[in-house]
Every structure is written in C-alpha cells, then in structure tokens.
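Each residue of the first sequence is one higher than the last, beginning at 9 in the numbering used here. Every residue, glycine too, gets a C-beta built ideally from N, C-alpha and C. Notes follow once the structure below has been shown.
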Amino acid sequence: MLLAKSRRENPRQAAAGILARLDVADICEPPEIAGAGFINFRLRPDFLARQFAETAGDPRLGVPLAARPRRILVDFSSPNIAKPMHVGHIRGTILGDALARVARFLGHDVVTDNHVGDWGTQFGKIICGLKHFRDDAALAADPVPELVRLYRKVDGDETLLQASRDELVKLQGGDPENREWWNRCVEWSRHAFEEIYALLGVSFDRWLGESFYNDALRPLVDRLLRSGVAEISEGAACIFFPDDPALREAPCLIRKSDGGYLYATTDLATIEYRVRELNRDLLWYVVGAPQQLHFKQIFAAAAKMGLPAAAIHIPFGSILGENRKLMKTRSGENVPLRDLLMEGIDRARRIVEEKNPDLPEREEIARAIGIGAIKYAELSQYRMTDYIFSWDKMLSFQGNTAPYLQNAYVRIRSIFRKLEAGAQAGAGEFAFAEPAEFALAKKLFQFGETVPQILNDFRPNILANYLYELANAFHAFYEACPVLKSEGAIRRTRLALCDATARVLEKGLGLLGIEVPARM
RNA sequence: GUCCCCGUAGUUCAACGGAUAGAACGGAGGUUUCCUAAACCUUAGAUGUGGGUUCGAUUCCCGCCGGGGACACCA
C-alpha cells in the first residue's frame, strides 16, 4: 500500500501486480489479497520447520547486527554526591542501562558514563557542616544521611551563609583541607551508589563527574568568546541562536556575570570531551523530560562549535505516588532508592517462601524476581508516560509482569531437568502439527525484527511487550502440548521449541537487565 | 505570554498511517489422576472535542477543552 501511495495507484491493483511477479510457492500457500490491499501469506509447515531449524541454531537468535555501527556514549543515572539516590533516579538508570545493552547486542560500540553531580555550590554548606557539627559515629556508620543532615542544618541557618560561601571559595581555590573533605564526600557517596548499582545489576564504563571538567571550563569559554560563538550580554557570556525559532529567546548562558560557570558550561565541556577524547560520534542523554530545553540549547551550542557528532536527548516522564503527585514518603521526602529495592526483594522473598518453601538459593531468586519486577514495570511502558508506582501491581505476579515471564523460563528449565541425560531427542527433522506449536514458532521468529525496532524511538517497551506475547504463546503451548510424554519427531520439535523459547526469554530479559532464575 | 509532553475500557498500560483499536488488573463463567495452577480457556467493556490531509487517522496538520512540565545568570 505504501508502494501504491507513492505511485498513486489503486492499492488492490498494486497488490495484484506484485503477486503476478512473485514466486513463493516453496514458502507458502498461494497468497491472497484481502481488504484494502493487504496480501496474506500462509506459511507452509515444511517451510516453517526448515526456517525454525535455522533460527534455533543461530547464536544471535535471528537478531541482525546493525548495518552501520556507531560509537555511542550513553549518559544516564547521574545522581548527586552527598545525597541519597531516590526514586527519581530509577527510571533513567534502568532505561539507560537497557538501551546500552540493546545497542551493544546490535553491534554498536558503546561507552556508558555516570556523569555524577560531584561539584556545585552545595559543597560550601556541607563542608561548613562537616567542620563544625559533624557526628563522627554517624559518619562511620552511614555517611550519606549524615551529610544530608549537615547540609540541612547549615542551609537552615542564615548566620552560616557567609561561612559556607568562604568554604566554597576555598574549595574552588584548591585549599587542601576542603579538598580532602570533598574527596571523602565523593568516596562515601560512591560506595552508597555502588551498593545500589550492585542490587540493580547496573555498571558503567566511566564515572566522569562534573568535577572532571573543572579545568576545561575557563579555556572553553575564552575560546568561544574569541571565536565569536559566544558573546557578552548583560555581563554574562552567552551563546545566541537567532536562526532557531525555538531558541531565539532562549540563549545558553555559559558564564555568569560574576565570573562563575554554569551547568551548561560543564555540559558543553563534557560534549567536547566525549567527542574529541572518547571518540564518540553519537551521544545519548537519558535524562528526564523537564530538561528538554536545556539539551536543545547545549546541542545547538555544540553544533555551533562544529563538534562532529549527533546528540539525542532521550526524555522520560515521572513516577507518581498513589496520590498522583510526584512520589514522596509520608513526610514529603524523596523515597530512598535503597529502601525501595530492598522492599521489592523482601516482598518477592515472602511470596517465594510461601509458594515454594523448599527452594535453595532463595536470596538470589528473591533478588531476581523483586528487582526484575521493578525494572519490568518501568520498561514495559512507554517512557514518556508518567506512571503510578504500585507494589501490588508489579509484584502481583499475574498478567504482564516480570514474574510471569520468569515463570515461563522456569517451567522450561524444569522440563530439561527432568529429561534424563541419555534421553536427548537427537538430531533429525522437525515436525509441526499443533496450532500452539505454529503460534510459538512464529513468535520466536519475531525476536529478530523486534530488537532493532527498540532503537527507532528508544522504546524498550516494544521488547517487553514482545516477550510477554512470547511467554503467553509458550504457556498456551505448554498447556496444549505435552513435551516429555511425546515421542519421535514431535518430541524433538517440542524440545527444540522449549529450548529456543528459553534462550529468547533469557536473552530478551537480559537486554532489559532482568535476570532469569532457574527455579522460583 | 512562548515552548514541550500527555489525554484510549471502571483502573493501569499497548498499538512504523492499515484489516474487527490489543493486553493486564478488577467483573462474570470454566479448566488440574498430566512436564511448576505464579498457568490456561471463555466473556462484557474504550480512542477528550471540532475541523483538515488520506483509499484509510489513536497515529500527521490546525483550533478548543483538560492535566503535567520548562522558560538568562540553580543543577
């Protein structure tokens, strides 16, 4: 029909023209034209069996490599030092990790970078607090909450404003004592972050925080002023975009009138480093939707600087609480991410213990299920949608949830455990007969076309929905087609379907950053 | 005021411009001497509103209504 449109033909006539020149007799039954100009192909069972044998033997499970591999940098997560990670970080962290995994699998050269917020005016207050009010026992036990307490104490006390400013100036000037306090803050926070990333199974190739670019800011601004990319306006160094209607009245400020540098300055230095030093030609910023204007500005600025790379902001919506407001604790604080993850694991553990009390490795299973449920709830829907966080929904273990998919995998593993060692089905032709077998095989073929689609618009939910349909097709097959009790080519076919399903589920969930337990 | 995002069953979410708008939860009904019933099967129920483009619009364009967000010296 697309062809008919471009040629201004009647869609049904175009379809007839295609069929007249098409020879697919060895693949399917004679095609039929239906509706407005659709062509229906009915695959022949022998073709399906041949095709399945090929796909089932493919280590990539039918997923093609990218025709044009890129050198991609994925910027995601980026929490702030001296603050606990909270629910606000979970979407970006999970989404960025999944997109990086998918890009790698498709053959792109991927570098992940955690651009932590380790520099800024808040350190004046924190250092001031550390010098005068610190509780060493609390710092030793759990430093980040103590840093938060100190920041709040100083922040709420107007008599300490000047002292905080002085500490900040000393830090920026390289004062050794303040520098040492700052270093410790970074270390403390990094440990707290690593604990959470370990729970989530997320890792980064680089941790180049904002402070990494400090020395680059002044030369960068000077250079941009000299080259005319930037100009002074009302005392501040700005980049203007007169040719861009969206940015005509939104210049990008890169130096304040007091000489200080800004968020945008660091980000520009970061882009330059990523392109020139890390040799990236495509930058992905997985950052919340509210920052869309900011990225539009710095990308336009980078273009004016002539940096040879494409940069894409991949925005996402918010997580809301049951009251449809931004998710907070009862006292109005951000929900610490660690608490959230531990609660997910606890809930999963209780359910596993109730359902299946004799399992070994219960801790690992609880982690795979609890964390998997949280990740799947995020990744199974469109990233721009604001969504309501609900334990009961994501851990109900019914319907379109991670445990449902994991359960399909577990059932397959169970079959293979029961298959005695010498009793493998052996090589030979496959034989398809039951509708449930056809349906499952056809679903398996679709994996190869589904995975690359994710990157069209950065939508892991396409893969999540596919995996759900695959698990659904498997469960139906499992009900209708006994595997171990069948014989000969039938048994061989069913075992191969099980094996291929397990591998696609494991790979597909793995691309989403979700683990599959062997039992549950 | 300008710009961006979102409006789909009671609820939470899907649908490169394609066929009868898919699921899940919740509702109603059914399935287990059989590989994990965390499952399967059946069933009722929805595109905010008005135009336009198209053979065809949830999707693209314009207006309106409703919700959220961003808009020079914070990050």
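- Around the beta carbon of P344, 16 or more other beta carbons lie within 10 angstroms, which makes this residue buried.
- Contact annotation: the region 289-299 does not touch the region 260-267, with fewer than three C-beta pairs closer than 8 Å.
- Comparing alpha carbon positions, the residue from I379, I396, D347, Q299 closest to A272 is Q299.
- At a Cβ-Cβ threshold of 9 Å, R214 and V119 count as neighbours.
- Spanning the alpha carbons of C260 and F131 requires a straight line of approximately 25 Å.
- With a cutoff of 9 Å on beta-carbon distance, F324 and I420 are scored as not near each other.
- Looking at the DSSP output, C260 shares a beta bridge with I247.
- According to the DSSP assignment, V194 belongs to the alpha helix (DSSP H) that extends over 184-208.
- For T120, the uninterrupted beta strand (DSSP E) segment begins and ends at 117-121.
- Taking a 10 Å sphere around the C-beta of N48, we find fewer than 16 other C-beta atoms and assign the residue as exposed.
- Residue pairing of Y269 in beta bridges, as defined by DSSP: R263.
- Where L69 is concerned, there is no enclosing beta strand (DSSP E), because DSSP gives it neither an H nor an E.
- With a threshold of 16 other beta carbon atoms within 10 Å, S86 meets it and is buried.
- Spatial neighbours of R256 in its own chain (CB-CB distance under 8 Å, excluding positions within 5 residues in sequence) are listed in chain order as F249, P250.
- Going by beta carbons, Y417 and E514 fall inside the 9 Å limit.
- Between A472 and Y384, the CB-CB gap stays under 9 Å.
- In the DSSP assignment, W399 falls within the unbroken alpha helix (DSSP H) covering 399-402.
- Distances from the alpha-carbon of R346 to those of H97, R76, A317 put H97 closest.
- Assignment of D354 by DSSP, reduced to helix, strand and coil, places it in the helix class.
- DSSP links L51 through a beta bridge to C36.
- When DSSP states are grouped into helix, strand and coil, D83 belongs to the strand group.
- Going by DSSP, S219 is part of no beta strand (DSSP E) at all; its letter is neither H nor E.
- Looking at the backbone, the Cα of G182 and that of K333 are separated by about 42 Å.
- Take the alpha-carbon of P253 and the one of I306: they are about 15 Å apart.
- Between E185 and W127 the beta-carbon gap is near 17 Å, outside 8 Å, which marks them as no contact.
- Between V124 and F201, the gap from beta carbon to beta carbon is short of 9 Å.
- An exposed status is given to G164, since fewer than 16 other beta-carbon atoms sit within 10 Å of its beta-carbon.
- Taking a C-beta distance under 9 Å as the contact criterion, G352 and W399 qualify as a contact pair.
- Taking a cut-off of 8 Å for Cβ pairs, the region 378-393 and the region 443-463 do not touch, as fewer than three such pairs fall below it.
- The bridge partners DSSP lists for Y395 are I327.
- When DSSP reads this structure, I41 sits in a beta bridge with I47.
- Taking the Cβ atoms as the reference, H94 lies roughly 4 Å from N342, within the contact range of under 8 Å.
- For P53, same chain residues with a beta-carbon under 7 Å away, outside a window of 5 residues either side, are F440 in chain order.
- Annotation: A439 is outside any alpha helix (DSSP H) and is labelled neither H nor E by DSSP.
- A direct Cα-Cα distance of roughly 11 Å separates D275 from L228.
- Secondary structure of Y159 (DSSP, three-state): helix.
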